[in-house]
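> Numbering-wise (the UniProt record's numbering), the sequence shown opens with residue 1 and increments by one.
Yeah, the Cβ is synthetic: ideal placement off N, Cα and C, and Gly gets one too.
In this text the structure is predicted, and so the values were computed from the model without any measurement.
One structure is given below, represented as structure tokens, and several questions about it will come after.
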Amino acid sequence: MAVGSITSLIIIPSSSARFLNHINNHHGQFSSSSLLRVQGPLQKQLQGFRVIPLPYYHNHYHHHHQPHGISYINGTKFTDTDNTPSVFASAASSSSTVSSIGSETGSGLSLEVREIKERYKKWQWRGHTINYLVHCTDEDRPPLLLVHGFGASVAHWRRNILTLSQSYTVYAIDLLGFGASDKPLGFPYTMEAWAQLILDFLDEIIQKPTVLIGNSIGSLACVIAASESSHSLVRALVLLNCAGGMNNKAIVDDWRIKLLLPLLWLIDFLLNQKGIASFIFERVTRRENLKNILLSVYGNKDFVDDDLVEIIREPAQGEEALDAFVSIVTGPPGPSPVQLMPRINLPVLVLWGDQDTLTPLDGPVGKYFSSLPAQLPNISLFILEGVGHCPHDDRPDLVHEKLLPWLDLLPAL
């Protein structure tokens, strides 16, 4: 998940709220949701402010913008009508024939959250405890490292670990500040710090060339790590709806974000007031609010279950989690993938859900990654129809259908 999915509720002046509502009514750029009423001891302090949803972008991607079933393989464009090998068939044309393993829902093999927790291991990184999991049927199989998005954890890969471990040694890690990893008070969270954590984990724990697979800000952390690593550490890169930065301040060249910049600065100020930050965080992390947020970013609503809500909610308790939340939302956005991707000469697979409301295809990040196969021969792109911001958990069957054949085609170690 991206930061926008959790920080979807912000406080802004009522006059600004009316202005945004006017824009939404006339231009349709901002999604509309119910407003939260501020009550209790903060009501007087926040008089004149309203709590409104802050979308990363409203997804107004229409199918006339791009043909159904479009795929890019090493710069070559394929559509449903092309006579292409089945391994590169589009998600749209093949989704009805995807076979599931051990499930009637098409989700494939899935681990219970309890089983995932039983497999947790700990690693010390720069004085902090990092949580991770390793699962394999044969330790000699090539390694994969799964890196979650904002607010998520190892358990967000519940629908992927067993399927991938049939052919690979699967590692999954909780980034510092998330999941069961430490959340040190006062730590200056940055994209660069997470990228260094990944590189050190590869060097100290895995010790083999590894395929990095990330979602959202986890994707961006993998991009940064790959741009700074040698082939002895990173073998290839898989990006699932990659984020443009650690928070909403990253995409300053889009008019919608430029419009919101004063509000984002105001958010920074407000979130640095502990009482206000605690008020917002407590409401965002309520089960019913989390479920509504998740429903808005998943295409497959059936997979927004109680387990998923708890995967996000449980680690977001306590002062340490609040401190991490504030640091991430108010911190620097970090390096842009636009500057980093041309420096990466490894094989890269990009999978993008076309129903992503946080980093949609018609936003600047989505447009950039959609253009890459025509510019860089090492990039392969698949658009997954009907899929939201977290494809691996939203439609794991489609992700595995594209991912596994691509992994098979990588050069041997």
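1. Is the CB-CB distance between N247 and V329 below 8 Å?
2. Quick check on T129: does DSSP put it in helix, strand or coil?
3. Assign T190 to one of two classes, buried (16 or more other C-beta atoms within 10 Å of its C-beta) or exposed (fewer than that).
4. By DSSP, does A152 sit in helix, in strand, or in coil?
5. Quick one: using the 10 Å Cβ neighbour count with 16 as the cut-off for buried, is S230 buried or exposed?
6. Quick test of the definition: if touching needs 3 or more C-beta pairs under 8 Å, does the segment 308–320 touch the segment 355–369?
7. Assign R286 to one of two classes, buried (16 or more other C-beta atoms within 10 Å of its C-beta) or exposed (fewer than that).
8. Between the Cα of V170 and the Cα atoms of P188, I379, D140, L185, which residue gives the shortest distance?
9. In chain order, what residues of the same chain lie with their CB nearer than 6 Å to the CB of R159, ignoring the 5 residues before and after it?
10. Three-state secondary structure (DSSP) at W406?
11. Between which two residues does the beta strand (DSSP E) holding Y298 run?
12. Out of F325, P391, L133, which has the shortest C-alpha to C-alpha gap to D354?
13. When the Cα atoms are used, what is the spatial distance from T294 to I198?
14. Answer yes or no: does any C-beta atom of chain B fall closer than 8 Å to that of R114?
15. With contact counted as at least three CB pairs below 8 Å, one residue from each stretch, are the segment 121–132 and the segment 160–169 in contact?
16. Check whether the Cβ atoms of residue 449 and L239 sit closer than 8 Å, and answer yes or no.
17. Measuring straight from C-alpha to C-alpha, what distance separates I206 and L237?
18. Nearest-angstrom Cα distance between T210 and S232?
19. Leaving out five residues before and five after S327 in sequence, what residues of the same chain have Cβ atoms less than 6 Å from its Cβ?
20. Which same chain residues end up closer than 6 Å to D323 when comparing Cβ atoms and leaving out the 5 residues on each side of it in sequence?
21. In this structure, how does DSSP classify P391 when only helix, strand and coil are distinguished?
22. In the DSSP assignment, what are the bridge partners of Q124?
23. Check this for me: beta carbons of G149 and G245, under 8 Å apart or not?
24. Would you call the segment 344–358 and the segment 369–389 touching, i.e. three or more CB-CB distances under 8 Å?
25. From the DSSP output, which residues share a beta bridge with L290?
26. Is it true that the CB of S371 sits closer than 8 Å to the CB of V350?
On the basis of the supplied data:
1. Between N247 and V329, the C-beta gap is smaller than 8 Å, which places the two residues in contact.
2. Residue state, collapsed to three classes: strand.
3. Counting the other Cβ atoms within 10 Å of the Cβ of T190 gives 16 or more, which makes it buried.
4. In this structure, A152 counts as coil in the three-state DSSP scheme.
5. Exposed: under 16 other Cβ atoms inside 10 Å.
6. By the criterion of at least three beta-carbon pairs nearer than 8 Å, the segment 308–320 is not in contact with the segment 355–369.
7. In this structure R286 is exposed. Its beta-carbon is surrounded by fewer than 16 other beta-carbon atoms within 10 angstroms.
8. Considering only P188, I379, D140, L185, the residue with the shortest C-alpha distance to V170 is D140.
9. S107, S110, D393, P396.
10. The answer is helix: DSSP assigns W406 an H, G or I state.
11. Here Y298 belongs to no beta strand (DSSP E), and DSSP marks it neither H nor E.
12. Looking at the Cα atoms, P391 is the closest of the given residues.
13. Per the sequence shown, residue 294 should be read as Leu rather than Thr. If I take the Cα positions, the gap works out to 26 Å.
14. The structure shown has no chain B; it contains just one protein chain.
15. Counting C-beta pairs with one atom in each stretch, the segment 121–132 and the segment 160–169 have fewer than three that are closer than 8 Å, which means they do not touch.
16. The requested residue 449 is not part of the displayed model; the chain covers only 1 to 413.
17. In a straight line, the C-alpha of I206 is about 16 Å away from that of L237.
18. Their Cα atoms are separated by approximately 8 Å.
19. Y189.
20. Counting only Cβ-Cβ distances below 6 Å, and skipping sequence neighbours, we find L185.
21. In the structure shown, P391 sits in a helix (DSSP, three-state: H, G or I).
22. Per DSSP, T129.
23. Taking 8 Å as the Cβ cut-off, G149 and G245 do not qualify as a contacting pair.
24. These segments touch.
25. Answer by DSSP bridge pairing: none, since L290 is not bridged.
26. No.
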